[in-house]
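Each residue of the sequence shown is one higher than the one before, starting from 7 at the first, in this note's numbering.
Quick notes on the structure that follows.
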Amino acid sequence: MPTTASNGIELAYEEHGDPGGPPVLLVSPAASASGLWTLHQVPALVGAGHRVITFDNRGTAPSSCPPGPYRLADLVEDTAGLVRGLGCGPVAVAGASLGALVAQELALAHPELVTGVALLGTRARTDFFRAKMTAASAHRVRVGDALDPEHAAVSLMCQLFSPRTLADDQVAADWLDVLTAFPIRGEGAALQYEATLAGDRRDALAGVRRPALVVAFGDDLLMPAFMGRETAGVIPGATYVEIPACGHYGFLERPSVVNRVLVDFLGRL
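This is how it looks when you write it as structure tokens:
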């Protein structure tokens with residue numbers, strides 16, 4: 007992967023599709039490599055004629071993994087620096103979870119770099135339970151080898167997927183195998199989780215002046231649908247779509263539905 011300097015660190019990125027197509031930047035969830043997007047979203051967006059850019063956030067190798075703490079504002083400035091460095095702006099930005107938080111703050115802080123934002127699983131504030139879940143996740147990846155790998159994988163699956171997905175024995179077994187074989191560990195992942203705890207941003211996000219799509223997932227525990235509706239309600243003119251029977255990783259659980267909504271929104275920018 008090539009790298010580019012952004013905000014004082016090196017970000018690893020990849021480009022896909024037609025270099026002359028309308029650009030879309032995909033911003034990853036916490037503790038997730040950008041390769042996650044290549045399973046479903048990159049092929050769909052490339053097929054729709056887009057130039058798609060993916061990258062690894064600070065804290066995810068091969069991007070730089072500087073010491074923390076990581077503020078959400080740091081990740082926003084990293085992303086802004088990437089857009090400037092690649093000369094691809096203004097660009098449509100789609101993000102999931104932490105990536106969605108980055109995207110909505112990027113539209114607020116640097117509207118000149120953004121044509122619109124698609125927010126897959128987002129929120130504008132953190133409540134008590136979500137804060138405790140995030141702290142527990144950060145602790146889990148920090149202690150790493152001290153935990154039984156299967157126990158850690160099962161715990162993560164409960165947070166990421168819907169009951170419908172977990173009721174499919176083959177799918178559940180496949181994900182357990184993957185997450186056991188490739189456990190999420192390390193300080194970078196923990197710091198990314200903690201960056202999602204950005205306080206109450208409802209008043210600030212009322213200042214967003216770019217088209218916005220908020221996609222919530224009906225069984226999402228981390229970014230619940232009621233918080234997605236709330237976020238869409240404070241961003242002027244935002245479109246809200248709720249997709250049932252999927253969890254925090256709904257873009258992997260029901261990719262055809264998510265991709266259809268995403269491609270339609272981007273086509274109207």
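In this text, a Cβ means the ideal position worked out from N, Cα and C, and glycines have one as well.
Sub-7 angstroms separation of residue i and residue j beta-carbons
{"i": "L219", "j": "F134", "result": "no"}
{"i": "I249", "j": "F232", "result": "no"}
{"i": "S40", "j": "D62", "result": "yes"}
{"i": "T121", "j": "P96", "result": "yes"}
{"i": "I4", "j": "V264", "result": "Residue 4 lies beyond the residue range present for the chain, which begins at 7 and ends at 275; the question has no answer from this structure."}
{"i": "L211", "j": "A130", "result": "yes"}
{"i": "V108", "j": "L81", "result": "yes"}
{"i": "G27", "j": "H56", "result": "yes"}
{"i": "P261", "j": "H22", "result": "no"}
Own chain partners of residue i with C-beta closer than 8 angstroms, once the 5 adjacent residues on each side are dropped
{"i": "V269", "result": "A50, L51, A54"}
{"i": "V267", "result": "L219, V221, V247, I249"}
{"i": "G273", "result": "A54"}
{"i": "V177", "result": "T171"}
{"i": "L275", "result": "P28, A98, T121, G122, P217"}
{"i": "S70", "result": "I15, E16, L17, R64"}
Residue i in three-state terms, based on DSSP
{"i": "G101", "result": "strand"}
{"i": "V214", "result": "coil"}
{"i": "H46", "result": "coil"}
{"i": "T60", "result": "strand"}
{"i": "H254", "result": "coil"}
{"i": "H22", "result": "strand"}
{"i": "T245", "result": "strand"}
{"i": "L125", "result": "strand"}
{"i": "L78", "result": "helix"}
{"i": "F167", "result": "coil"}
{"i": "R223", "result": "Just to set this straight, residue 223 is Phe in the shown sequence, not Arg. Of the three classes helix, strand and coil, the one that applies to F223 here is strand, per DSSP."}
{"i": "L32", "result": "strand"}
{"i": "L3", "result": "There is no way to answer for residue 3, as the model of the chain reaches only from 7 to 275."}
Residue i to residue j span [Cα, whole Å]
{"i": "E118", "j": "L182", "result": "42 angstroms"}
{"i": "D226", "j": "L114", "result": "25 angstroms"}
{"i": "E193", "j": "A251", "result": "32 angstroms"}
{"i": "A244", "j": "S161", "result": "33 angstroms"}
{"i": "V48", "j": "T60", "result": "9 angstroms"}
{"i": "R64", "j": "T237", "result": "25 angstroms"}
{"i": "A204", "j": "A79", "result": "9 angstroms"}
{"i": "Y283", "j": "G93", "result": "A question about residue 283 goes unanswered here, because the residues of the chain that appear run from 7 up to 275."}
{"i": "R235", "j": "L258", "result": "21 angstroms"}
{"i": "S143", "j": "V33", "result": "20 angstroms"}
{"i": "W43", "j": "L153", "result": "28 angstroms"}
{"i": "D174", "j": "P68", "result": "34 angstroms"}
{"i": "Q110", "j": "H116", "result": "10 angstroms"}
Cβ shell of residue i (< 7 angstroms), same chain only, five flanking positions each side left out
{"i": "P37", "result": "The identity of residue 37 in the sequence shown is Ala, whereas the question assumes Pro. Hits under 7 angstroms: V147, I190, A195, Q198, Y199."}
{"i": "E83", "result": "N13"}
{"i": "R136", "result": "L228"}
{"i": "A106", "result": "L125, L126, G127, T128"}
{"i": "R170", "result": "A251"}
{"i": "L104", "result": "P35, A36, Q198, A201, T202"}
{"i": "L166", "result": "G253, H254, Y255"}
Same chain only: Cβ atoms within 6 angstroms of residue i, ignoring 5 sequence neighbours per side
{"i": "A159", "result": "L182, L185, T186"}
{"i": "D206", "result": "R131"}
{"i": "G150", "result": "R191"}
Taking contact to mean at least 3 C-beta pairs separated by less than 8 angstroms, is the stretch 216 to 231 in contact with the stretch 100 to 114? yes
Any 3 or more C-beta pairs closer than 8 angstroms across the stretch 83 to 91 and the stretch 13 to 27: yes
Please determine if the stretch 190 to 201 and the stretch 123 to 130 are in contact, where contact requires at least 3 C-beta pairs separated by less than 8 angstroms. no
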